Amino acid sequence: MVQPFPTRRRPEQPVARLCQSAPVRMTDDRGQVLDAEFSVESDGDHVAVILESMSGRATGRAARNTDYRAALELILQRLKDRRAVIETAIVDSQRTQLLPESSRSLISEPVRLVDVPEPHGLRRKLTNAQTTIGQASTARRPGNSTKRIRLRLSVPGYDSSSSARLAVDLAAGSLTTAASGPDSLPADPDELRKAIKDFPGDPDGRRLAAYRREQAQLKRRLRDIGGAACALCGRELPPQFLVAAHIKKRSECTEAEKLDYDNVAMLACILGCDSLYEHGFVTVQPGGVIEVSPQVALSPAVAAHCRTVLTRETTDWWSPSREPYFAWHRGHTFRRSA
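Take the sequence shown: its position 56, counted from the start at 1, is 177 in the working numbering, and no numbers get skipped.
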């Protein structure tokens, strides 16, 4: 019988680190999976998030972890939502692991994320600090700013045995605590208008912070006028399970339509309805009639989900002022035929 190769462990790696999650990828607040792998492992008395490095295209090999910066920013935001403290942040690439931690540190002191106004600024600090680590003293150009890094953390509600749970929560963005905090506050119309104008297009690494501001304000506004229920399935859910979904694709909206926030968007749950609507498997007909695409029959699991969740025939969110946006979705996104 062929024996598996034994697992080798680097001498400096503490035994506690062997409690480790499998590598996972982030899903952003639109439900898009980012191309960036990370894992969470126990690290002494702490948990550590390890974000894998980004690499460009090489001969015969595709680019890897191309959403590194956006994923790091999202990790910082979701850790901030959990009131985490970054105890240490170090470059943890194979080339640098023989160096003392003091020579590969990215921060000079612990960082309480609740005190960080914008994760975007901290993300830039962490990436910019990587460029000189592991570089020869004679190097003329800055080094890579997207290396493999380790964030050693203290996170309320998580301990060194909670690595797998934290990995899942960070990847999905779900909060396991009771709904509270900013999501429970009413929307400020001026802040919402400013957030929409500040966000110029589809989110990328540079625009993620602006996108999150718009999403938060728009969610609050929609909850103020319609309650905390999904517009499609009708289930009342905690705020972290609802997103502000554009009825008409946001990138296709005019500036005036983007600012028509009482009509151009709706609350949709991340438990299926947001993705079904975004990908055209469900739409809303005039009068609010919910129509499911015949294409769901191609996937028994999706069809069963629709039968279980989309049990009502109409949505209360339809109105004459929202009909033009629903009409756009029917004409451009909805999958009419099998």
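Idealized CB from N, CA, C, for every residue including glycine.
On a predicted model such as this, the values are computed, not experimentally measured, just so you know.
Considering Asp395, what are the terminal residues of the alpha helix (DSSP H) in which it resides?
Counting along the chain, the alpha helix (DSSP H) containing Asp395 begins and ends at 394-399.
So, is His453 buried or exposed, given that buried needs 16 or more other C-beta atoms within 10 angstroms?
So His453 counts as exposed.
Which two residues bound the contiguous beta strand (DSSP E) that contains Asp188?
Looking at the DSSP string, Asp188 is not in any beta strand (DSSP E), and its letter there is neither H nor E.
Thinking C-alpha only, which one of Leu380, Glu412, Ala192 is nearest Leu353?
For Leu353, the nearest C-alpha among the options comes from Glu412.
Does the Cβ of Val168 have 16 or more other Cβ atoms within 10 Å, making it buried, or fewer, making it exposed?
By the neighbour-count rule (16 or more Cβ atoms within 10 Å), Val168 is buried.
Locate the beta strand (DSSP E) running through Phe447, then write down its first and last residues.
Counting along the chain, Phe447 falls outside any beta strand (DSSP E), though it belongs to the alpha helix (DSSP H) covering 444-453.
Is the segment 150-163 in contact with the segment 219-236, if contact means three or more CB pairs nearer than 8 Å?
They do not touch, by the three-pair rule.
Using CA atoms only, rank isn't needed, just tell me which of Ile196, His367, Arg456 is closest to Leu247.
Ranking Ile196, His367, Arg456 by Cα distance to Leu247 puts Ile196 first.
Compare the Cα-Cα distances from Gln361 to each of Lys379, Asn384, Leu392, Glu239 and report the closest residue.
Comparing Cα positions, the closest option is Leu392.
Option in Gly348, Arg342, Gln406, Ala425 with minimal Cα separation from Asp381:
The residue with the shortest Cα to Cα distance from Asp381 is Arg342.
Residues of its chain near Lys340, where Cβ-Cβ distance is below 6 Å and the 5 sequence neighbours each way are ignored:
Counting only residues of its own chain and dropping the five nearest sequence neighbours on each side, Lys340 has a CB closer than 6 Å to the CB of Ala365.
With which residues is Cys390 paired in a DSSP beta bridge?
DSSP output for Cys390 lists Leu363 as bridge partner(s).
In chain order, what residues of the same chain have a beta carbon less than 7 Å from the beta carbon of Ala292, not counting five sequence neighbours either side?
Within the same chain, Val145, Arg146, Met147, Thr148 come within 7 Å of Ala292 by CB-CB distance, once the 5 residues on both sides are set aside.
Does Glu434 come out as helix, strand or coil in the three-state DSSP assignment?
Assigned with DSSP and collapsed to three states, Glu434 falls in coil, not helix or strand.
Using C-beta distances below 7 Å, list every residue in its chain close to Ser217, excluding the 5 sequence neighbours before and after it, in chain order.
Checking the sequence, you will find Thr at residue 217 rather than Ser. For Thr217, where only same-chain residues beyond five positions count, the Cβ hits under 7 Å are Arg225, Ile254, Gly255.
Quick check on this structure: which residue in Asp290, Ile270, Ile211, Val417 has the alpha carbon closest to the alpha carbon of Tyr398?
Tyr398 has its Cα closest to that of Val417, out of Asp290, Ile270, Ile211, Val417.
Cα-Cα, which of Gly409, Tyr446, Asn265 is closest to Asp383?
Of the candidates Gly409, Tyr446, Asn265, the one whose C-alpha sits nearest the C-alpha of Asp383 is Tyr446.
Candidates Thr267, Glu194, Asp166, of which the one nearest Ala184 by Cα:
Of the listed residues, the one whose Cα sits closest to Ala184 is Thr267.
Beta-carbon gap between Thr436 and Val405 smaller than 7 Å:
Thr436 places its beta carbon less than 7 Å from that of Val405.
Cβ separation of Arg344 and Leu388, assumed to be a contact under 8 Å, to the nearest whole Å:
7 Å between Cβ atoms; contact.
Cα-Cα separation, Glu173 to Arg244:
Distance between the alpha carbons of Glu173 and Arg244 is about 15 Å.
For the candidate residues Val170, Leu431, Val410, Pro407, whose alpha-carbon lies nearest to that of Ala285?
The option with the nearest alpha carbon to Ala285 is Val170.
Classification of Gln215 by the beta-carbon crowding that lies within 10 angstroms, buried from 16 upward
Exposed.
To the nearest angstrom, how far is the alpha carbon of Arg269 from that of Gly409?
Distance between the alpha carbons of Arg269 and Gly409: 49 Å.
Quick check: what's the CA-CA separation for Trp205 versus Gly165?
The amino acid at residue 205 is misidentified as Trp; the sequence shows Ala. When rounded, the distance between both Cα atoms is 17 Å.
Would Ser414 be called buried (16 or more neighbouring beta carbons within 10 Å of its own) or exposed?
Label assigned to Ser414: buried.
Identity of the residue in Gly242, Pro238, Glu239, Ala250 nearest Ser229 by Cα
Relative to the Cα of Ser229, the nearest Cα in the group Gly242, Pro238, Glu239, Ala250 belongs to Ala250.
By the three-class DSSP mapping on this structure, what secondary structure does Ala300 have?
Because Ala300 sits at a pLDDT of 37, beneath the cut-off of 50, its placement in the model cannot be relied upon, and the following sentence gives the value as read from the coordinates. DSSP, read as helix, strand or coil, puts Ala300 in coil.
Tell me the DSSP secondary structure of Glu239 in three-state form.
In the three-state scheme derived from DSSP, where H, G and I count as helix and E and B as strand, Glu239 is classed as coil.
Contact set for Gly347: own chain, Cβ-Cβ below 7 Å, skip 5 residues either direction:
Sequence-distant Cβ neighbours of Gly347 in its own chain, meaning closer than 7 Å and more than five residues away, are Leu388, Trp438.
Nearest to Gly355 by alpha carbon, out of Ala377, Val423, Leu431?
If you compare the alpha carbons of Ala377, Val423, Leu431 with that of Gly355, the shortest gap goes to Leu431.
7 Å Cβ shell around Gly401 - same chain, five flanking residues per side excluded:
Answer for Gly401: Ser414, Thr454, Phe455, Arg456, listed in chain order.
Leaving out the 5 sequence neighbours to the left and right, which residues in its chain are closer than 7 Å to Glu208 when beta-carbon positions are compared?
Same-chain partners within the cutoff: His167, Pro231, Arg273, Leu274, Ser275.
Give me the Cα-Cα distance between Gly264 and Val212, rounded to the nearest whole angstrom.
Distance between the alpha carbons of Gly264 and Val212: 12 Å.
Residues in the same chain with beta-carbon distance under 7 Å from Met175, minus the five sequence neighbours each way, listed in chain order, please.
The beta carbon of Met175 lies closer than 7 Å to those of Arg185, Asn186, Thr187, Tyr189, Thr267 in the same chain, with the five residues before and after it left out.
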